[in-house]
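What follows is one structure encoded as structure tokens, with my remarks underneath.
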Amino acid sequence: MITRGFTGRNLGRDQSDRIPPGQHLVEHFPVLTAGPTPRVQTADWKFTLKIGSKAIRVWNWREFNALPKTKMTRDIHCVTSWSKLNTAWEGVIVDDILADAGVEGPTDFVLAHCYDGYSTNVPLSDLSSGKAMIALSYEGQPIPRDHGGPARLLVPHLYFWKSAKWVNGLQFTESDELGFWELRGYHKYGDPWREQRYAND
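Read left to right, the sequence shown gives residues 224 to 424 (the working numbering).
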């Protein structure tokens, strides 16, 4: 794992109702990646929605940015123990992606895929009803490459490894297929309030 800027400290303010067990507050935004940062140009970017191996809809950058946009300000929590409050994002909620594709959720299970080969599994119930988005901007600016730009999945109520960087597609699967970190011992769900960091938590 590559970690840059990870110098978090407890800020000393009483935010206990917003900080899951085992977490500490940071003001900056640490960068953690599983490997090299891909260089994805918006001219080449595509987002694919699949049911099994079949592509249902593919959007290019212009088409995707024409979808309805939603703003979301949420606290985020990394499995490495830092939490950052009030992060502001804008993007396309998963509900609007499915609506544009004419899909209502053929299975309960989804794998997110990324340009660097990373994947992570997230139940459809945690992506729908306005809970998650494909984020296109952070704090009013394009998402920096190190933080997953030009687009990343944002599932803020789960540990942040579920908010896959450099996302390029969602795939409905028949069963709950494990992704990159889940295959390497991380919890298959990742609820920070239940400290579901590793498989047996």
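Don't be surprised by glycine CBs; every beta carbon is placed ideally from N, CA and C.
Bear in mind that the values here come from a model prediction, so they are computed numbers and not experimental data.
* Let me know if Glu327 comes out buried or exposed under the rule of 16 or more other beta-carbons within 10 Å of its beta-carbon. => exposed
* What first and last residue would you give for the beta strand (DSSP E) that runs through Asp318? -> Here Asp318 belongs to no beta strand (DSSP E); instead the alpha helix (DSSP H) covers 317-324.
* To do: Note down, in chain order, each residue of its chain lying with its Cβ closer than 8 Å to the Cβ of Leu321, except the 5 sequence neighbours on either side.
  => Leu272, Glu327, Gly328, Ser351
* Asked: Nearest to Ile463 by alpha carbon, out of Trp305, Arg262, Lys294?
  -> This structure gives no information on residue 463, because the portion of the chain shown stretches from 224 to 424.
* How many Å lie between Ile279 and Val333 at the Cα? -> 14 Å
* **the region 415-422 contacting the region 342-359, beta-carbon criterion three pairs below 8 Å** => Segments in contact, no.
* Asked: Considering only residues of the same chain and omitting the five flanking positions on each side of Pro187, which have a CB-CB separation below 8 Å?
  -> Here the chain comprises residues numbered 224 to 424, so residue 187 is not present and cannot be evaluated.
* Using only alpha-carbon positions, find the residue among His247, Val378, Asp399, Tyr382 that is nearest to Arg420. => Tyr382
* To do: Using alpha carbons as the reference points, say which of Glu400, Gly363, Glu250 lies closest to His300.
  => Glu250
* To do: Evaluate contact between the region 392-412 and the region 288-297, counting only Cβ atoms and requiring at least three cross-stretch pairs below 8 Å.
  => Using a Cβ-Cβ distance cut-off of 8 Å, the region 392-412 and the region 288-297 are not in contact, since fewer than three pairs of beta carbons, one from each stretch, lie closer than that value.
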